[in-house]
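Engineer: Sharing a structure, written as structure tokens. Questions coming.
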Amino acid sequence: MNTYIIPFSLDNDVWIETVRAKSLLEAQDRLMNRLSNDWELDVPADWEDFLAILDNNGFHVGELKDVEEF
184 MNTYIIPFSL DNDVWIETVR AKSLLEAQDR LMNRLSNDWE LDVPADWEDF LAILDNNGFH
244 VGELKDVEEF
């Protein structure tokens with residue numbers, strides 16, 4: 184399992200979300216499911232749709248990266 188990180192910001196708050204997954208696609212799926220439920224967002228069709236939904240709700244999203252890349 185790898186650890187993936189992604190930065191977010193909303194208004195004046197900035198934070199990093201983490202997720203453990205076997206692949207980048209699995210990490211995207213886990214983040215979409217968890218954050219859509221936590222933030223009561225529409226269920227996205229895919230990662231690009233998820234980013235568009237976040238953008239429409241005022242979120243700024245960085246790039247999802249494996250921590251091993253650092």
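Residue numbering for the sequence shown is 184 to 253, as defined by this note's numbering. For every residue, glycine included, the Cβ atom is placed at its ideal position computed from N, Cα and C.
1. Would a C-beta distance cut-off of 8 Å place A210 and V202 closer than the cut-off?
2. Candidates A228, V226, N240 and F233: which alpha carbon is nearest L247's?
3. Skipping 5 residues on each side, what residues in its chain have a beta carbon closer than 6 Å to that of N185?
4. Give the DSSP bridge partners of L193, in chain order.
5. Does the Cβ of I236 have 16 or more other Cβ atoms within 10 Å, making it buried, or fewer, making it exposed?
Structural biologist: Reading from the atomic positions:
1. By 1-based counting over the sequence shown, the position of residue 210 is 27. By 1-based counting over the sequence shown, the position of residue 202 is 19. Less than 8 Å divides the Cβ of A210 from the Cβ of V202.
2. To locate residue 247, count along the sequence shown from 1; it is residue 64. Comparing Cα positions, the closest option is F233.
3. Stepping through the sequence shown from its first residue, residue 185 is reached at position 2. Only D249 meet the Cβ criterion.
4. Within the sequence shown, residue 193 is the residue found at index 10, counting from 1. Beta-bridge pairing links L193 to D196 and F242.
5. Counting from one through the sequence shown, the residue named residue 236 turns up at place 53. By the 10 Å Cβ count, I236 comes out buried.
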